[in-house]
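Okay, so the sequence shown: first residue is 1 according to the UniProt record's numbering, each after it adds one.
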Amino acid sequence: MTSEALDKTYRNRAIGNEGTAMTSAAKPAAKKLNKFEKFKAKKDGLAIKEQIEEFARIGWEAIDPDDLQHRLKWMGVFYRPVTPGKFMLRMRTPNGIVNSTQMQVLAEIVQRYGEDGSADITTRQNIQLRGIRIEDMPDIFRRFEQVGLTSVQSGMDNVRNITGSPMAGIDRDELIDTRDLVQKVQDMITNNSQGNYEFTNLPRKFNIAIEGGRDNSVHAEINDIAFVPAYKDGQLGLNVLVGGFFSAKRCEAAVPLNAWVLPNDDVVDLCRAILEVYRDEGSRANRQKSRMMWLIDEWGIDKFREEVSKQFGRELPTAAPHDEIDWEKRDHIGVFAQKQPGLNYVGLHVPVGRLYAQQMFDLARMAEAYGSGEIRLTVEQNVIIPNIPDANLDAFLAEPLLQKFTLEPKPLERLLVSCTGAQFCNFALIETKNRALGIVRELEEKLDIPNPVRIHWTGCPNSCGQPQVADIGLMGTKVRKDGKSVEGVNIYMGGKVGKDAKLGECVLKSVACDDLPEVLGNILIENFGAKSH
């Protein structure tokens, strides 16, 4: 089927009309559509791929508003009103893995924009580039293709970067190597990075994670589909969870599908089946009630499983009695022996995930010179360089970059995570990254903190910084102080990752950011054993 035919097919499915000739009496009532579904029905977002050269020629100010503000996201290009003319470009880095050549290309792209250029490691093991100019996009996409990079279908109502165990293939205690599975799922969804009209018109965004270890390194519970290792009748496979999501109106942990699959193409086929059911049956009326969990709520998990099984096309085995997530979460910062004799991986702490061009060049060079040229990203916004021989370790550890990306961060900075914030994101209600670093460093100067504390910042209720999985989560809002509207946060506590993961709850509302050093200091003393110097 041609891309044009697929475009028409799935556009018609979205509006509840297969295009058959019907009288008005026989024709079913049209489904109510939100404004996003209406502009998607006019033109599929992926169609923008053919207009990149045109957009580069005419300039961003002449682009149709729907194309500029929305459809460009299908190619990973995000217009940001807070930085007009300077775009964000979101990559796809399956399982969080890039090679040194790819990192060097990304560094060169960031470098061309001088002070405007930077990159962020995201909470989905991904990289976002900042400062991008629309006139450079054709050249950038050509460079991506030359080195095997892609940004296709990375925004809006598409499947986001697919996460997998950061230690895949090198962890001595690994159960399943997730790398090939993650890549196959991405290839299915994106048509081998060329773009796939079958999955460019979901009701909302969609997250998939595949865990292969024992410590839930991918935060399975917050994904629309998550696979976790589980033995059944002595055979190792994957239990399946569905429906986890964060949004401005609701946050839910994923629930068991009562399904178990082998770590082979069944994973790919089941992802396809679930996506097809959600694509065809998910609500497109109220955008705040369009994530897949709302469909599961409407149908009940038994009917949802039944429909997925039909789409899967063969018997869907019931879940194993329990999974193998029995470790507390590791952060992978430091030097660790791999399962391959004589090789090591080194986890570098990247403060709030922010990278600049020279640091990216250094990472590429170090991975090539001391390891195998591979670089891995984690959902904690950090970097791992694997496959470093014993003989290369001392020289690697003497690299100047490790003074900035330390292997021994202080206890609050060690697990600090932050979204982009108001510096670059128009959704954010507060500035996050710089403030987050400043406050934890101030607290670490005043307090003795016995153990690392996971603190997550997010600039708005969309929860990109995932405050619900943190020991202490901070969600940006506007508050009144001294008769004025100022930046503030709602505070969450009780989130847990790894074994027995759970979502935290809001415990304190409308705290002005200026008051946070004192408020957080008290929380650390009362709940986490901190003591004043």
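Using N, Cα and C, we set each Cβ at its ideal position, and we do this for glycine too.
query                                                                                                                                         : result
Runs of beta strand (DSSP E) wholly within the UniProt domain "Nitrite/sulphite reductase 4Fe-4S" (156-315) (minimum 3 residues, chain order) : 208-210, 225-232, 235-242, 255-261
Endpoints, beta strand (DSSP E) assigned at ARG376                                                                                            : 374-377
Sheet register partners of TRP457 (DSSP bridge)                                                                                               : SER418, LEU474
Cβ shell of ALA364 (< 7 Å), same chain only, five flanking positions each side left out                                                       : SER100, MET103, GLN104, ALA107
Meets three-Cβ-pair contact criterion under 8 Å: the region 173-188 and the region 264-282                                                    : yes
Those runs of the alpha helix (DSSP H) which lie wholly inside the region 100-124 and span at least 4 residues                                : 100-111
Three-state secondary structure assigned by DSSP to GLU61                                                                                     : helix
Element boundaries [beta strand (DSSP E), containing ARG71]                                                                                   : First-last for ARG71: undefined, no H or E at that position.
Which of helix, strand or coil DSSP assigns to GLN153                                                                                         : coil
Coil, strand or helix - MET493 by DSSP                                                                                                        : strand
ALA337: first and last residue of the uninterrupted beta strand (DSSP E) it sits in                                                           : 334-337
For GLN128 and ASN161, believed in contact at Cβ under 8 Å, the rounded distance                                                              : Contact flag wrong, Cβ pair sits at about 10 Å.
Unbroken beta strand (DSSP E) run spanning PRO386, endpoints                                                                                  : 383-389
Pick from ARG414, ASP448, THR458 that is closest to ARG435, judged by C-alpha positions                                                       : THR458
N-terminal and C-terminal residue of the beta strand (DSSP E) that ALA369 is part of                                                          : Taken as a continuous stretch (DSSP letters only), ALA369 belongs to no beta strand (DSSP E), being part of the alpha helix (DSSP H) at 357-370.
Alpha carbon of ALA337 to alpha carbon of LYS184, nearest angstrom                                                                            : 28 Å
Residue range of the unbroken alpha helix (DSSP H) whose run includes LYS43                                                                   : That residue, LYS43, is in no alpha helix (DSSP H); it is neither H nor E in DSSP.
Member of PRO84, GLU368, MET88 whose CA lies at the smallest distance from the CA of TRP74                                                    : MET88
Whole-number beta carbon distance between GLN423 and SER431, since they are thought to touch under 8 Å                                        : In the sequence as presented, Ser is not what sits at residue 431; that position holds Glu. Contact holds; Cβ gap of about 6 Å.
The region 483-503 in contact with the region 209-218 per 3-pair CB rule at 8 Å                                                               : yes
For ASN522, the first and last residue of its enclosing alpha helix (DSSP H)                                                                  : 516-528
Straight-line gap, LEU33 to ARG480 (C-alpha atoms, nearest Å)                                                                                 : 36 Å
Host alpha helix (DSSP H) of MET137 (start-end)                                                                                               : 137-147
Inter-stretch contact at 8 Å, needing at least 3 Cβ pairs: the region 227-242 / the region 255-267                                            : yes
Sufficient close CB pairs (3 or more, under 8 Å) joining the region 60-72 to the region 35-49                                                 : yes
Burial state of GLY114, where buried means 16 or more other Cβ atoms lie within 10 Å                                                          : exposed
Pick from LYS478, LYS249, MET493, MET292 that is closest to GLY243, judged by C-alpha positions                                               : MET292
Residue span of the beta strand (DSSP E) that contains ARG90, given as start and end                                                          : 87-90
Beta bridge counterpart(s) of GLU50 as assigned by DSSP                                                                                       : Answer is none; GLU50 lacks a bridge partner.
ASP482 versus ILE523: straight-line alpha-carbon distance, rounded                                                                            : 24 Å
Pick from GLY76, LEU443, LEU416 that is closest to ILE472, judged by C-alpha positions                                                        : LEU416
Closest residue to ARG279 among LEU343, LYS205, ASN426 (Cα-Cα distance)                                                                       : LYS205
Buried versus exposed call for GLU221 [16 or more other C-beta atoms within 10 Å across all chains shown]                                     : buried
Given CYS506 as reference, the closest of ASP515, GLY494, CYS513 once Cα atoms are compared                                                   : GLY494
Alpha-carbon spacing of GLU4 relative to GLN51, whole angstroms                                                                               : Note that GLU4 scores 45 on pLDDT, short of 50, meaning its location in the model is unreliable; the coordinates nonetheless yield the value given after this. If you take the alpha carbons of GLU4 and GLN51, they lie about 15 Å apart.
Distance between SER151 and PRO461 (C-alpha atoms, nearest Å)                                                                                 : 25 Å
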